[in-house]
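Report on the following structure.
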Amino acid sequence: MFPMTTESGNVVPAGDFYLDEGARERLSEVITRIGSLVRAGEIAGVTDEQVRRWRDGKAKPNFGSIAALTYAAGKSLDWLAKGEEAQLPVVSSHAQVTANAEAAGFTLVPRLDVQVSAGHGRVAMGEDPLEYLAFQANWLRSRGINPSTARVLTARGDSMEETIRDGDILLVDTSIDRIKDNAIYVVVYGEMVLVKRVHGRLNGSLQILSDNPRYPPEEVSPGEVDLLNIAGRVMWFGRSI
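Numbering of the sequence shown is given in my numbering, commencing with residue 1496 and proceeding in unit increments.
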């Protein structure tokens, strides 16, 4: 395997990654930031029990997995190893992080400053990513997700409960804009950004459906369909426990 580097340029072999007691404490913080051992295992491509063994010092993690977890938590490898943040320009640092992640088989998916309304909450939008979450590229492709067009958003509201809850993280493929009945989409209608099921009808109208029975279906007439934009399909979601 190729050698890889930390953000400060230190070369680290792409094999096992030694964690001393301080690094294991910081790994525990990484797991907390990610949300759960189960979610950490999904990111690293291992079981939650294996992540627990890394945290407890009973096994050594490989470099690719530990890099993915660290990046997903918004931290640097220098911080994990030494407790110090790398002082590099953002562009250079992200370029190096991206190269390291791709070499290890991971894709860094942007988490956007878009809070998708699954109810009647306010919508906040922004162009720049808040952070990048690491996913195994093969895992994305196996679920029909194009790694280059994947984005992470946050759900707000209760209209899609019990499927999607307030605060859930949504993995969206923004290249998908064709409607498959009853799949879940991010739709833009006027100034609203919503996460809903979409159902096409024979008369050319669309039904916008919520999973929570407290929210009745809404209909978009054939004359207004062009005003509704399918911004992507929700392919996966995760939540903290």
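Cβ coordinates follow ideal geometry from the N, Cα and C atoms, glycine included. Please read all numbers here as calculations on a predicted model, not as lab measurements.
Three or more beta-carbon pairs separated by less than 8 Å link the segment 1719–1734 to the segment 1634–1645, which places the two stretches in contact. Beta-bridge partners of GLU1714 (DSSP): GLN1702. Per the coordinates, the alpha-carbon of GLY1695 lies some 51 Å from the alpha-carbon of GLU1520.
If you look at ASN1641, you'll find it isn't in any alpha helix (DSSP H); DSSP assigns it neither H nor E. TRP1634 and THR1602 have their C-alpha atoms roughly 10 Å apart.
In the displayed model, LEU1514 falls within coil according to three-state DSSP, outside both helix and strand. Restricting attention to ARG1651, PRO1556, SER1700, the CA atom closest to the CA of VAL1688 is found in ARG1651. Contact check between the segment 1665–1675 and the segment 1715–1727: three or more CB pairs, one atom from each, fall below 8 Å, which counts as touching.
Shown here, THR1565 sits in a helix according to DSSP, grouped into three states.
Remark: C-beta atoms of GLY1578 and ALA1563 do not approach each other more closely than 9 Å. When DSSP states are grouped into helix, strand and coil, THR1527 belongs to the helix group. Within 10 angstroms of the beta-carbon of LYS1675 lie fewer than 16 other beta-carbons, which makes it exposed.
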